[in-house]
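Undergrad:
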Amino acid sequence: MPPSKILGRLPGLRHFIEVAQLGSFRAAAEKLHVAPSAVSKQIKNLELALDVELFRRDRGRAGLEVTEAGEILLFRCASVVNELTIAQDEIDQLQGLQRGHLRLGVNEVLASDLLPGILRDMSYNHPGLKFTIIVENTREIVERMQDGEIDIALGYNFPPTQEIETLATLQRRTYVVTSLHHPMARLRSVRLPDIDGEKMIFPDHSIPMRQLLEDALVQSDVTVREVMSTNSFTLLRQMVESGMGIGIVFGRFLQIRREKIAFVELADLPFESPPVACCRMAGRTPTASSTAFAATIKTLFAQYGGHAPHRVASGDRL
Numbered sequence: 020m021p022p023s024k025i026l027g028r029l030p031g032l033r034h035f036i037e038v039a040q041l042g043s044f045r046a047a048a049e050k051l052h053v054a055p056s057a058v059s060k061q062i063k064n065l066e067l068a069l070d071v072e073l074f075r076r077d078r079g080r081a082g083l084e085v086t087e088a089g090e091i092l093l094f095r096c097a098s099v100v101n102e103l104t105i106a107q108d109e110i111d112q113l114q115g116l117q118r119g120h121l122r123l124g125v126n127e128v129l130a131s132d133l134l135p136g137i138l139r140d141m142s143y144n145h146p147g148l149k150f151t152i153i154v155e156n157t158r159e160i161v162e163r164m165q166d167g168e169i170d171i172a173l174g175y176n177f178p179p180t181q182e183i184e185t186l187a188t189l190q191r192r193t194y195v196v197t198s199l200h201h202p203m204a205r206l207r208s209v210r211l212p213d214i215d216g217e218k219m220i221f222p223d224h225s226i227p228m229r230q231l232l233e234d235a236l237v238q239s240d241v242t243v244r245e246v247m248s249t250n251s252f253t254l255l256r257q258m259v260e261s262g263m264g265i266g267i268v269f270g271r272f273l274q275i276r277r278e279k280i281a282f283v284e285l286a287d288l289p290f291e292s293p294p295v296a297c298c299r300m301a302g303r304t305p306t307a308s309s310t311a312f313a314a315t316i317k318t319l320f321a322q323y324g325g326h327a328p329h330r331v332a333s334g335d336r337l
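Position 206 of the sequence shown, counted from 1, bears residue number 225 in my numbering, the numbering being contiguous throughout.
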C-alpha cells in the first residue's frame with residue numbers, strides 16, 4: 020500500500036494535506052472523490068482536535084491561506100509521509116520484495132565474474148524485483164551514489180571517507196592467469212621472478228591495479244613484454260584463454276562460465292591486493308532491495324573468508 024493510501028486511513032491529515040497543497044476545499048474534494056462538505060468537516064474536526072485554525076477562510080476568490088499553525092502541521096506531515104515510505108519499503112521486504120527496485124553500481128570484473136549468480140538467485144527468490152545495473156569504474160560509481168542514481172555498490176578501491184559506509188569486504192588473493200596450455204598452468208603458485216620475459220596482458224592505466232603491478236615488477240627487477248592493455252578484465256581473460264599472453268588478476272570467482280584458463284597463485288608480492296567491498300552512502304535510509312543485496316553479499320563473502328568492517332580479513336579460498 021503506497022503512503023498516500025496509508026494516509027487515506029487518517030482522513031483528517033489526508034484531507035488537510037490536499038487542501039493545503041491545492042488551496043481549495045473543492046479541488047481537494049474532486050481529487051479525493053468526496054463531497055466538499057466532507058472535506059470541510061474533516062478539516063474542522065482536525066482544527067478542533069488541535070485547538071487551532073489551520074486555514075484563513077476570508078480570502079474570497081484568492082483561495083485559502085495556510086496559517087502559521089497549518090504551516091507547522093504541513094511540514095510535519097512531510098516527515099510523516101517520509102516515514103511511511105520507509106515503512107512501506109520495510110513491509111515490501113517482508114513480503115518478498117515484490118515491488119522492489121535494486122539500483123546497483125559494480126566494477127566490470129565483478130559484473131562478469133561474481134554478479135550473474137547473485138542476480139539469478141535474487142530474481143528467482145523475488146520475481147517481482149526490478150534490476151538496474153550500472154557497470155562503471157569506482158570513481159563514477161561513487162559519483163552516481165552521491166547523486167542518488169544508485170543505492171548500493173560493489174567494487175574495488177572505494178575512498179576511505181565518512182560519507183561511504185562499507186557493509187562487507189573480501190580480501191582476495193592475487194593470481195597469474197594463463198591458458199590451459201601454458202607451462203605455468205600446471206603449477207600451484209609462482210613468484211614474480213617466474214614470469215620474467217613473459218608476454219603480458221595488462222589492465223590499462225585507468226585501473227589502479229596497473230600502477231601496483233608496474234611498481235612490483237620494477238621492485239622485483241622483473242621485465243615482461245606488454246602485448247596488450249585493456250580496461251576490460253573480461254577481454255583480458257578471453258585473450259589469455261586464446262594464448263595471447265598471461266595476465267594478473269585479483270581473486271577467481273567465475274561462478275557462471277568456467278573459462279578455460281588456469282589460476283596460479285602469485286606469492287611473495289610487495290603489495291596487498293585491495294579488498295572487494297560492498298558500500299552505500301552513509302546516513303541514507305537503505306532500500307529494501309539494497310538491504311537484501313547486502314545480506315546476500317555478506318553471506319557469500321563469509322563463505323570465502325570475507326568479513327564485516329572492522330575485523331581482520333583472511334584470503335579468499337578460491
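Every residue gets a Cβ at the ideal spot worked out from N, C-alpha and C, and that includes glycine.
Closest to VAL259 by C-alpha separation, out of ARG33, ALA204, SER43 and LYS60, would be which residue?
TA: What you label residue 259 is simply residue 240 of the sequence shown in a count that begins at 1. Of the listed residues, the one whose Cα sits closest to VAL259 is ALA204.
Undergrad: Please go through the segment 129-206 and give each complete alpha helix (DSSP H) segment of 4 or more residues, from N-terminal end onward.
TA: Fully enclosed alpha helix (DSSP H) runs of 4 or longer: 134-144 and 157-165.
Undergrad: Given a threshold of 16 other Cβ atoms within 10 Å of its Cβ, counted over all protein chains shown, does ASN126 qualify as buried or as exposed?
TA: If you number the sequence shown from 1, residue 126 lands on position 107. With 16 or more other Cβ atoms within 10 Å, it is buried.
Undergrad: If you draw a straight line from the C-alpha of VAL295 to the C-alpha of HIS145, how long is it?
TA: Looking up residue 295 in the sequence shown gives position 276. Looking up residue 145 in the sequence shown gives position 126. Their backbone Cα atoms lie some 25 Å apart in a straight line.
Undergrad: Where SER56 and ALA88 are concerned, what is the direct C-alpha to C-alpha distance, given to the nearest angstrom?
TA: Along the sequence shown, read from residue 1 onward, the residue named residue 56 stands at position 37. Along the sequence shown, read from residue 1 onward, the residue named residue 88 stands at position 69. Their Cα atoms are separated by approximately 22 Å.
Undergrad: Nearest to GLU245 by alpha carbon, out of VAL209, GLU284 and ILE214?
TA: Residue mapping note: residue 245 aligns to position 226 of the sequence shown, counting from 1. The candidate whose alpha carbon is nearest that of GLU245 is ILE214.
Undergrad: Can you tell me whether GLY264 is helix, strand or coil according to DSSP?
TA: What you label residue 264 is simply residue 245 of the sequence shown in a count that begins at 1. Note: GLY264 maps to coil in three-state DSSP.
Undergrad: Using beta-carbon positions only, say whether LEU92 and LEU73 come within less than 8 Å of one another.
TA: Within the sequence shown, residue 92 is the residue found at index 73, counting from 1. Within the sequence shown, residue 73 is the residue found at index 54, counting from 1. Cβ atoms of LEU92 and LEU73: closer than 8 Å.
Undergrad: Determine contact between the segment 161-176 and the segment 286-303, defined as no fewer than three beta-carbon pairs at a distance below 8 Å.
TA: Short answer: they touch.
Undergrad: Span of the alpha helix (DSSP H) holding LYS218?
TA: In the sequence shown, the residue the question calls residue 218 occupies position 199. LYS218 -> not in any alpha helix (DSSP H); beta strand (DSSP E) instead, spanning 218-222.
Undergrad: In the segment 38-110, which residue ranges form an unbroken alpha helix (DSSP H) of at least 4 residues, counting only runs that do not cross its ends?
TA: List check, alpha helix (DSSP H) in window: 44-51 and 55-69.
Undergrad: According to DSSP, what are the bridge partners of GLY124?
TA: For the purposes of this step, residue 124 is taken as residue 105 along the sequence shown, with counting starting at 1. DSSP output for GLY124 lists ILE153 and ALA172 as bridge partner(s).
Undergrad: Spell out a yes or no on whether the segment 286-294 and the segment 231-239 are touching, meaning 3 or more CB-CB pairs, one atom from each, closer than 8 Å.
TA: Output reads yes: the segment 231-239 touches the segment 286-294.
Undergrad: Only counting the same chain, and skipping five residues up and downstream in sequence, which positions put a Cβ closer than 8 Å to that of ILE169?
TA: The count along the sequence shown starts at 1 and reaches residue 169 at position 150. For ILE169, where only same-chain residues beyond five positions count, the Cβ hits under 8 Å are ARG122, LEU123, GLY124, THR151, ILE153, ILE160 and ARG163.
Undergrad: CA-CA distance, SER43 and ILE36?
TA: Here residue 43 refers to the residue found at position 24 when the sequence shown is read from its first residue. Here residue 36 refers to the residue found at position 17 when the sequence shown is read from its first residue. Each residue's Cα considered, the two are about 11 Å apart.
Undergrad: Which residue wins for smallest C-alpha separation from THR188, given the options ARG33, GLN40 and GLN322?
TA: Within the sequence shown, numbered from 1, the residue matching residue 188 stands at position 169. Ranking the options by Cα distance to THR188, first place goes to GLN322.
Undergrad: Between the Cα of GLN238 and those of PRO212, VAL85, HIS224 and LEU69, spot the shortest distance and give me the residue it belongs to.
TA: Numbered from 1 along the sequence shown, position 219 holds the residue referred to as residue 238. Among PRO212, VAL85, HIS224 and LEU69, the Cα nearest to that of GLN238 is on PRO212.
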